[in-house]
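*Asks:*
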Amino acid sequence: MPVEEFVAGWISGALGLVLGHPFDTVKVRLQTQTTYRGIVDCMVKIYRHESLLGFFKGMSFPIASIAVVNSVLFGVYSNTLLLLTATSHQERRAQPPSYTHIFLAGCTGGFLQAYCLAPFDLIKVRLQNQTEPVAQPGSPPPQYQGPMHCAASIFREEGYRGLFRGAWALMLRDTPTVGIYFITYEGLCRQYTPEGQNPSSATVLVAGGFAGIASWVAATPLDVIKSRMQMDGLRRRVYQGVLDCMMSSVRQEGLGVFFRGVTINSARAFPVNAVTFLSYEYLLRWWG
Ligand SMILES: C[N+](C)(C)CCCC[C@H](N)C(=O)O
Numbered sequence: 208m209p210v211e212e213f214v215a216g217w218i219s220g221a222l223g224l225v226l227g228h229p230f231d232t233v234k235v236r237l238q239t240q241t242t243y244r245g246i247v248d249c250m251v252k253i254y255r256h257e258s259l260l261g262f263f264k265g266m267s268f269p270i271a272s273i274a275v276v277n278s279v280l281f282g283v284y285s286n287t288l289l290l291l292t293a294t295s296h297q298e299r300r301a302q303p304p305s306y307t308h309i310f311l312a313g314c315t316g317g318f319l320q321a322y323c324l325a326p327f328d329l330i331k332v333r334l335q336n337q338t339e340p341v342a343q344p345g346s347p348p349p350q351y352q353g354p355m356h357c358a359a360s361i362f363r364e365e366g367y368r369g370l371f372r373g374a375w376a377l378m379l380r381d382t383p384t385v386g387i388y389f390i391t392y393e394g395l396c397r398q399y400t401p402e403g404q405n406p407s408s409a410t411v412l413v414a415g416g417f418a419g420i421a422s423w424v425a426a427t428p429l430d431v432i433k434s435r436m437q438m439d440g441l442r443r444r445v446y447q448g449v450l451d452c453m454m455s456s457v458r459q460e461g462l463g464v465f466f467r468g469v470t471i472n473s474a475r476a477f478p479v480n481a482v483t484f485l486s487y488e489y490l491l492r493w494w495g
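For the sequence shown, the working numbering begins at 208 and goes up steadily by one.
(1) With distances taken Cα to Cα, identify the nearest neighbour of threonine 499 among Asp381, Ala374, Gln447, Ser408.
(2) How big is the Cα-Cα spacing for tryptophan 217 and leucine 490?
(3) Going by C-alpha to C-alpha distance, which of His228, Cys452, Tyr254, Glu393 sits closest to tyrosine 306?
(4) Among residues of its own chain, excluding the 5 on either side of leucine 291, which ones have a beta-carbon nearer than 8 Å to its beta-carbon?
(5) Can you look up alanine 426 in the DSSP assignment and give me helix, strand or coil?
(6) Beta carbon of glycine 416: closer than 8 Å to some heavy atom of ligand 1?
(7) Any heavy atom of ligand 1 closer than 8 Å to the CB of leucine 490?
(8) Taking 6 Å as the limit between beta carbons, can you name the residues of its chain near glycine 316, skipping five residues before and five after?
(9) Can you name, in chain order, every residue of its own chain whose Cβ lies under 7 Å from the Cβ of glycine 227, other than the five neighbours on each side?
(10) With a threshold of 8 Å on Cβ separation, who are the neighbours of valine 214 within its own chain once the five nearest residues in sequence on each side are excluded?
(11) What residue does the alpha helix (DSSP H) around histidine 256 start on, and which one ends it?
(12) Where cysteine 323 and histidine 356 are concerned, what is the direct C-alpha to C-alpha distance, given to the nearest angstrom?
(13) Could you give the DSSP three-state label for tyrosine 489: helix, strand or coil?
(14) Do isoleucine 273 and leucine 224 have their CB atoms nearer than 9 Å?
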């Protein structure tokens, strides 16, 4: 099984992640709290109360976990495509796989990465939602002191299954949308690249950026539900399951609730995925 794809997925994921984390914090806050009036208001408040560091809350853990998550995403995608079409990454420009195969391979990658991502994502969301200023002497400490402490407390209070809270919603979110992610990327690359050639850097950046936007727009409804399921159970359980969470969110806030954070998700998705795909392609070309 070719391993380069796994390593390239890891490095490119980490680069994209740092760039996108501040957007991600704003997104999670907008989706789960009602104190902010919009993106700008949220940013200003985070900066005032928590300084620049507030934007980077909960980042150390994703950086460590992206090694697993993004390498599973790209590694499983590429190896599933190899199984389906019997072409390696290097051969794919000459013999382009069909969109059905690309979609199926993407869904497989999305499904498996969601499973690995679930506990890490839960911890990230819980830490991002702590609004206390970073380390103020004299004030009571926040509920979770860091990722390990957060993981241990969830395990203690909610058991092993507690670490997978929201995992169903996450799998439903990622299985089809990672398919969309790779279809958009490949489609745009093919559109703007002469046959048989490698896409230029500019093409890769733009195609990666739009792949990020397209998949995130499609993923946002279940992203909202996922974040809410993950915050549920902190004080008392509100939702009975994914469907119940959807129904009661719509009943209380209208259909618009499914698009909470869509603007910020898209603004984050472009740079993150442009950089992810560019570094992924270049690492593989360089090693190939
Ligand atoms: C499928 N869905 C849109 C949910 C995620 C696609 C993952 C892409 C990248 N790691 C990122 O964080 O943007």
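From the three backbone atoms N, C-alpha and C, an ideal C-beta is built for every residue, glycine too.
*Replies:* So, from the listed chains and residues:
(1) There is simply no residue 499 to check, as the chain begins at 208 and stops at 495 in what is shown.
(2) Residue mapping note: residue 217 aligns to position 10 of the sequence shown, counting from 1. Residue mapping note: residue 490 aligns to position 283 of the sequence shown, counting from 1. Those two C-alpha atoms are separated by around 11 Å.
(3) Here residue 306 is taken as the residue at index 99 of the sequence shown, counted from 1. Tyrosine 306 has its Cα closest to that of Glu393, out of His228, Cys452, Tyr254, Glu393.
(4) Stepping through the sequence shown from its first residue, residue 291 is reached at position 84. Around leucine 291: Pro304, His308, Leu311, Ala312.
(5) Counting from 1 along the sequence shown, the entry for residue 426 is found at position 219. DSSP places alanine 426 in helix when its eight states are reduced to three.
(6) Numbered from 1 along the sequence shown, position 209 holds the residue referred to as residue 416. Flag unset: Cβ of glycine 416 not near ligand 1.
(7) Taking the sequence shown and counting its residues from 1, one reaches residue 490 at position 283. No, ligand 1 has no heavy atom inside 8 Å of this Cβ.
(8) Reading the sequence shown from its first residue, position 109 is the one you call residue 316. For glycine 316, where only same-chain residues beyond five positions count, the Cβ hits under 6 Å are Leu280, Val283, Tyr284, Val385.
(9) By one-based count along the sequence shown, residue 227 stands at place 20. Only Arg475, Pro478, Val479 meet the Cβ criterion.
(10) Locating residue 214 in the sequence shown gives position 7, where the first residue counts as 1. Ser278, Leu490.
(11) As a first step, residue 256 must be located in the sequence shown, where it is residue number 49. Where histidine 256 is concerned, the enclosing alpha helix (DSSP H) stretches over 246-257.
(12) Numbered from its first residue, the sequence shown carries residue 323 at position 116. Numbered from its first residue, the sequence shown carries residue 356 at position 149. Between cysteine 323 and histidine 356, the C-alpha separation is close to 19 Å.
(13) Counted from its first residue, the sequence shown places residue 489 at position 282. Helix, per DSSP.
(14) To locate residue 273, count along the sequence shown from 1; it is residue 66. To locate residue 224, count along the sequence shown from 1; it is residue 17. For isoleucine 273 and leucine 224, yes; Cβs fall inside 9 Å.
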